[in-house]
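Residue numbers (our numbering), protein chains in the order written: chain U, 71 to 248; chain W, 12 to 258.
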C-alpha cells in the first residue's frame, strides 16, 4: 500500500488511516488478547500517527507505517514487554523445529474448526503470532512484513515457518485433548 | 530435487512468494509426488483456516466513533496543505485588484487632465481679444479655412432653425497635435467644439456628461476623430448642440 506523493498531498490523515481501523483493531486485539488494552493500543496508535503524520514519507507504505507504530506501542507496553522476551526465548527453543516435522495426513487441518485454530493462534508466542497474522490475515508480502517489523526477509521466512510449525503442534495437542 | 528440499519451499509456494521459475518446477513436481502434494494442500488449508479464524475481533461502535471524531480534522485544517496555494491565489487577487485600481486611477486622472486642458483652451479662447481666427457664421467659410491647418476634415451642421450661431473657428493644440476649435453661441453663451484626431489623444475620449469648474462637457468619437463640446450653458442646450453636430 505504497501511497503516491500526490495522493498524500491531497488526502488527509483520516482519509488514509480510518479505512485501516477495523484491521488495526483486530490485530491489536490479537496482540493484547484483551478488548480494553486493544482499544488503548489503537487509540495511542492513531494519536501518535496523527501527530507524526507530517513525518510520514510520501511514496512509502502507509499501512506498514501504521502497523509499525501500533507494534512499537505494543512492545513498549507492559503486555508487550512481558510477551516479547518470552517469545524470543520460545524462538530459541524452537530453532531446531522443522516445519515438516508433522505429518500432514495426521493433522487433518481440513477438518479444523475456526475455534480450534483461534485457540492455537492465541497460544502462539507474540513474535510468531504477529508474522502469521501479517502474512495470513493482512496478506502482506514478506518484504512488507520485513519493513513493518524491521527485520530481514530471511528472518520473516524463518519466523513464519516456526509459527506454522508451532501452530501445528498446538493444534494437534488441542485435538488430542478435545 | 529431493522432496525434503521441495518441502522447505512449500510455505513460500502457498504464500505466492516463490520465484516464478521455481514455482513452475515445483508445480510439475506436485503432479508426480502425492506426498508433497498432500503437504501443499495441508498448508493451503491451514492458511485458509488461519485467515478465517484471524478475522474475529470487531471494534465497539462507540470506540469507532471515538477514534473517528478524534482523527477527523476540522475543515480548515484539512485545507492546510492548500494554504500556500490559497495564499498565492489571494496575493494574485490583491495584485490584480491593485492593478485594476491603479489603471482606473490613472485613467481617471488622465481624463481629469484632459477635461482641465479642454476647459483651459475654451477659457483662453474666450479671454482672447480675438477668440477666433476665422470669423464667420457661414459653415462653408469656416470649414475650408481649416484646410492645411489640420490633417483631417469634418462636417459642420446646418444651424438654420436652431438657437445656435456659428461664431468662427481657430486652431487648437492638444498633446502637441493640431485640432479644430469651433465656437458657437446660444443667447449670450459661447460653446466650444473641439475636434482632434483620436490617435493624437492617446487615450479614451469618452467624457460624456463630465463637468469641471461648472463647465459642462460632452464628447464622442466618430471616424477616428474625437469631438468635445464644452460651455457654461445648461446641459440641455449643450445636448442640443451635440445632437446637431452628430447629425
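Virtual Cβ for every residue (Gly too), placed ideally from N, Cα, C.
Status (buried if at least 16 other CB within 10 Å, exposed otherwise) for residue 39 (chain W): To locate residue 39 (chain W), count along the second chain from 1; it is residue 28. So residue 39 (chain W) counts as exposed.
Quick one: Cα of residue 203 (chain W) to Cα of residue 107 (chain W), how far? Position 192 of the second chain, counted from the start, is the residue given in the question as residue 203 (chain W). Position 96 of the second chain, counted from the start, is the residue given in the question as residue 107 (chain W). Taking the straight line joining both Cα atoms gives about 40 Å.
Would you give the residue range spanned by the beta strand (DSSP E) that residue 237 (chain W) belongs to? Stepping through the second chain from its first residue, residue 237 (chain W) is reached at position 226. Start and end: 236 to 242.
With 8 Å set as the bound, which would you pick, yes or no: does the beta-carbon of residue 116 (chain U) sit closer than that to a beta-carbon of chain W? On the first chain, residue 116 (chain U) is found 46 positions in, with the first residue counted as 1. True, the Cβ-Cβ gap to chain W drops below 8 Å.
Rank W:245, W:192, W:249 by C-alpha distance to the C-alpha of residue 236 (chain W) and give the top, closest one. Position 225 of the second chain, counted from the first residue, corresponds to residue 236 (chain W). Here the closest residue by C-alpha is W:192.
Can a CB atom of chain U be found closer than 8 Å to the CB of residue 66 (chain W)? Residue numbering aside, residue 66 (chain W) sits at position 55 when the second chain is read from its first letter. Output row for residue 66 (chain W): interface = yes.
I think residue 116 (chain U) touches residue 83 (chain W), with their Cβ atoms under 8 Å apart; what is that distance to the nearest whole Å? Start at 1 with the first residue of the first chain, and residue 116 (chain U) comes out as number 46. Start at 1 with the first residue of the second chain, and residue 83 (chain W) comes out as number 72. With 8 Å as the limit, residue 116 (chain U) and residue 83 (chain W) do not qualify as a contact, their Cβ atoms being about 11 Å apart.
Chain U within 8 Å of residue 57 (chain W), Cβ atoms only: As a working note, residue 57 (chain W) is residue 46 in the second chain. Yes, its Cβ sits closer than 8 Å to a Cβ of chain U.
Kindly say whether residue 70 (chain W), judged by its beta-carbon, lies nearer than 8 Å to any beta-carbon of chain U. The residue given as residue 70 (chain W) occupies position 59 in the second chain. With 8 Å as the cut-off, residue 70 (chain W) counts as an interface residue toward chain U.
In the DSSP output, which residue or residues are listed as bridge partners for residue 236 (chain U)? Within the first chain, residue 236 (chain U) is the residue found at index 166, counting from 1. Under DSSP, residue 236 (chain U) takes part in no beta bridge, so it has no partner.
On the three-state DSSP scale, how would you describe residue 89 (chain U)? For the purposes of this step, residue 89 (chain U) is taken as the residue at position 19 of the first chain. Here residue 89 (chain U) sits in helix by DSSP.
Buried versus exposed, by CB contacts within 10 Å (16 or more), residue 96 (chain W): Locating residue 96 (chain W) in the second chain gives position 85, where the first residue counts as 1. So residue 96 (chain W) counts as exposed.
Between U:220, U:109, U:191, which has its C-alpha nearest residue 206 (chain U)'s C-alpha? As a position in the first chain, residue 206 (chain U) is number 136, starting the count at 1. Ranking the options by Cα distance to residue 206 (chain U), first place goes to U:191.
Could you check which residue in W:215, W:211, W:174, W:255 has the C-alpha nearest to that of residue 183 (chain W)? In the second chain, counting from the first residue as 1, residue 183 (chain W) sits at position 172. With distances taken between Cα atoms, residue 183 (chain W) lies closest to W:211.
How would you list, in chain order, the residues of chain U whose beta-carbon sits under 7 Å from the beta-carbon of residue 63 (chain W)? Numbered from 1 along the second chain, position 52 holds the residue referred to as residue 63 (chain W). Among the residues of chain U, those whose CB is under 7 Å from the CB of residue 63 (chain W) are 184, following chain order.
Alpha carbon to alpha carbon, how far is residue 244 (chain W) from residue 225 (chain W)? Give it in angstroms, no decimals. Residue numbering aside, residue 225 (chain W) sits at position 214 when the second chain is read from its first letter. Residue numbering aside, residue 244 (chain W) sits at position 233 when the second chain is read from its first letter. If I take the Cα positions, the gap works out to 9 Å.
For the beta strand (DSSP E) that residue 143 (chain U) lies in, which residues bound it at each end? On the first chain, residue 143 (chain U) is found 73 positions in, with the first residue counted as 1. Not the beta strand (DSSP E): residue 143 (chain U) falls in the alpha helix (DSSP H), residues 132 to 146.
Roughly how many whole angstroms lie between the Cα atoms of residue 33 (chain W) and residue 80 (chain W)? Numbered from its first residue, the second chain carries residue 33 (chain W) at position 22. Numbered from its first residue, the second chain carries residue 80 (chain W) at position 69. Computed Cα separation, rounded: 49 Å.
Return the residue from the list U:220, U:92, U:106 that minimises the CA-CA distance to residue 69 (chain W). Here the question's residue 69 (chain W) lines up with position 58 in the second chain. Selection U:220, U:92, U:106 evaluated against residue 69 (chain W) yields U:92 as nearest (Cα-Cα).
Below-8 Å beta-carbon distance, residue 245 (chain U) vs any chain W residue: The residue given as residue 245 (chain U) occupies position 175 in the first chain. Not one chain W Cβ lies under 8 Å of residue 245 (chain U).
Taking Cβ positions only, does residue 127 (chain U) come closer than 8 Å to chain W? Residue numbering aside, residue 127 (chain U) sits at position 57 when the first chain is read from its first letter. Chain W, which has no Cβ nearer than 8 Å to the Cβ of residue 127 (chain U), makes this no.
In terms of residues, what are the limits of the alpha helix (DSSP H) holding residue 120 (chain U)? Sequence index remark: in the first chain, residue 120 (chain U) carries index 50 (1-based). Taken as a continuous stretch (DSSP letters only), the alpha helix (DSSP H) holding residue 120 (chain U) covers 105 to 121.
If you measure beta-carbon to beta-carbon, which residues of the segment 133 to 149 of chain U are closer than 8 Å to chain W? none
Below 8 Å on C-beta distance, what does residue 97 (chain W) contact in chain U? Residue numbering aside, residue 97 (chain W) sits at position 86 when the second chain is read from its first letter. For residue 97 (chain W), no chain U residue has a Cβ inside 8 Å of its Cβ, as the nearest lies near 14 Å away.
Residues within the segment 22 to 40 of chain W neighbouring chain U, beta-carbon criterion of under 8 Å: 22, 23, 26, 28
What is the DSSP secondary structure of residue 121 (chain W), counted as helix, strand or coil? Within the second chain, the letter at position 110 stands for residue 121 (chain W). Here residue 121 (chain W) sits in helix by DSSP.
N-terminal and C-terminal residue of the beta strand (DSSP E) that residue 83 (chain W) is part of: Along the second chain, read from residue 1 onward, the residue named residue 83 (chain W) stands at position 72. Segment: none, residue 83 (chain W) is in no beta strand (DSSP E) and carries neither H nor E.
CA nearest to the CA of residue 121 (chain W), picked from W:143, W:186, W:18: Position 110 of the second chain, counted from the first residue, corresponds to residue 121 (chain W). Taking only the C-alpha atoms, the option nearest residue 121 (chain W) is W:186.
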